[in-house]
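Working notes for the structure below.
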Amino acid sequence: GIQVEQSPPDLILQEGANSTLRCNFSDSVNNLQWFHQNPWGQLINLFYIPSGTKQNGRLSATTVATERYSLLYISSSQTTDSGVYFCAVVIIGGSQGNLIFGKGTKLSVKP
Amino acid sequence: GAGVSQSPRYKVAKRGQDVALRCDPISGHVSLFWYQQALGQGPEFLTYFQNEAQLDKSGLPSDRFFAERPEGSVSTLKIQRTQQEDSAVYLCASSLSGFGEKLFFGSGTQLSVL
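One line per chain: the protein sequences are A and B, in this order.
So that you can map any letter, position 82 of the first sequence is 82 in this note's numbering, and since no number is skipped, the others follow by simple counting.
So that you can map any letter, position 21 of the second sequence is 132 in this note's numbering, and since no number is skipped, the others follow by simple counting.
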């Protein structure tokens, strides 16, 4: 089946630092989403980005579908950015309801 | 409602007991999804509805798991004869249309089977 690999698995930042999280996937996809799971377990949708670049405040994401990767950029990190960031994809030809998640990147932002 | 609502927030069950978990999707959302999340892992797909039709149930781990959405809005995930390995957080999500849309997740139900 499709492999969704996220790196790094863990990341510790000082408040104000920038970071880049990566998601590699092994098959062609037609749906890619980034989520943030806060320390209380709530999953928040950050981006729906099967291709191209989007920006939302301090966050931006880029997906290069032909090269099978996506990047999530966090600038000027804040302690509230702490949590786990998940990349999730739907493969072309697969069940359109089946969003396959990576194992996540655990981010800790220190004050 | 404003978001996806799940109840109960926590459920403790004795092994062998049946449980029912409820999900209220965002009003007007056509698609509804159930996921299971083990500790330290990403969510794993269980099943997917479009309106009242269950289009994919390939992720349900056994025939002890059953989901329904009879009127195309509220959904219930039922687990019969619970076992310890069923302990996990069960997440419900909804999206406006069938696919190609953002998923919005509820806060989940944390199930502990003793």
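All C-beta atoms, glycine included, are put in the ideal place defined by N, C-alpha and C.
Being a predicted model, the structure only gives us computed values, none of them experimental.
Quick one: what's got a C-beta closer than 7 Å to serine 82 of chain A's C-beta in the same chain, skipping five residues either side? Closer than 7 Å at Cβ, skipping near neighbours: Pro39, Leu107, Ser108, Val109.
Compare the C-beta of tyrosine 48 of chain A against all C-beta atoms of chain D and say whether one is closer than 7 Å. Absent here is chain D; the protein component of the structure consists of chains A and B.
Exposed or buried, which one is valine 123 of chain B when buried takes at least 16 other CB atoms within 10 Å? It is exposed - the Cβ of valine 123 of chain B has fewer than 16 other Cβ atoms within 10 Å.
Looking only at C-alpha atoms, which of A:Ile91, A:Ala17, A:Phe35, A:Ile44 sits nearest to arginine 68 of chain A? Among A:Ile91, A:Ala17, A:Phe35, A:Ile44, the Cα nearest to that of arginine 68 of chain A belongs to A:Ile91.
If glutamine 33 of chain A sits next to lysine 213 of chain B, beta carbons under 8 Å apart, how far is it from one beta carbon to the other, in whole angstroms? In this structure glutamine 33 of chain A is in contact with lysine 213 of chain B, their Cβ atoms being roughly 7 Å apart against a cut-off of 8 Å.
Apart from the five residues just before and just after serine 198 of chain B, which ones in its own chain have a Cβ nearer than 8 Å to its Cβ? Correct list, in chain order: Leu222, Ser223, Val224.
State yes or no: is the C-beta of glutamine 55 of chain A within less than 7 Å of the C-beta of serine 26 of chain A? Between glutamine 55 of chain A and serine 26 of chain A, the C-beta spacing is not below 7 Å.
Under the three-state DSSP convention, the category glutamate 179 of chain B falls into: Annotated three-state conformation of glutamate 179 of chain B is strand, per DSSP.
Would tyrosine 201 of chain B be called buried (16 or more neighbouring beta carbons within 10 Å of its own) or exposed? It is buried - the Cβ of tyrosine 201 of chain B has at least 16 other Cβ atoms within 10 Å.
Under 7 Å, Cβ to Cβ, is there at least one residue of chain B near glutamine 3 of chain A? With 7 Å as the cut-off, glutamine 3 of chain A does not count as an interface residue toward chain B.
Mind listing the chain B neighbours of asparagine 24 of chain A? Cutoff is C-beta to C-beta under 7 Å, in chain order. Correct list: empty, because the minimum Cβ distance to chain B is about 14 Å.
Counting along the chain, where does the beta strand (DSSP E) carrying aspartate 135 of chain B start and finish? 130–135 is the extent of the beta strand (DSSP E) around aspartate 135 of chain B.
Should proline 172 of chain B be flagged as near chain A, meaning a C-beta pair shorter than 7 Å? No - not a single Cβ of chain A is within 7 Å of the one on proline 172 of chain B.
DSSP three-state assignment for glutamine 55 of chain A, whether helix, strand or coil: Here glutamine 55 of chain A sits in strand by DSSP.
Beta-carbon within less than 6 Å of glutamine 37 of chain A's beta-carbon, same chain only, minus the 5 sequence neighbours each way: which residues are those? Counting only Cβ-Cβ distances below 6 Å, and skipping sequence neighbours, we find Leu43, Gly83, Val84.
Closer than 7 Å at the beta carbon, the chain A residues around proline 154 of chain B: Those are Phe101, listed as they occur along chain A.
In angstroms, rounded to a whole number, what distance separates the CA positions of leucine 171 of chain B and phenylalanine 101 of chain A? Going by C-alpha positions, leucine 171 of chain B is about 16 Å away from phenylalanine 101 of chain A.
Contacts of glycine 57 of chain A in chain B (Cβ-Cβ under 8 Å): What glycine 57 of chain A touches in chain B: nothing, since even the nearest Cβ is about 16 Å away.
Where does aspartate 174 of chain B fall in DSSP's three states? It is coil, neither helix nor strand.
Once DSSP output is grouped into helix, strand and coil, what is the label at glutamine 6 of chain A? For glutamine 6 of chain A, the three-state secondary structure derived from DSSP is strand.
According to DSSP, is threonine 80 of chain A part of a helix, a strand, or is it coil? Correct three-state label for threonine 80 of chain A: helix.
Along the chain, where does the beta strand (DSSP E) containing glutamate 155 of chain B start, and where does it finish? 155–161 is the span of the beta strand (DSSP E), which, as asked, contains glutamate 155 of chain B.
Could you check the C-alpha separation between arginine 133 of chain B and phenylalanine 215 of chain B for me, to the nearest Å? Near 16 Å, if we compare the C-alpha coordinates of phenylalanine 215 of chain B and arginine 133 of chain B.
Pairing CB atoms from the stretch 157–170 of chain B with CB atoms from the stretch 138–146 of chain B, are three or more of them under 8 Å? Yes: at least three Cβ pairs fall under 8 Å.
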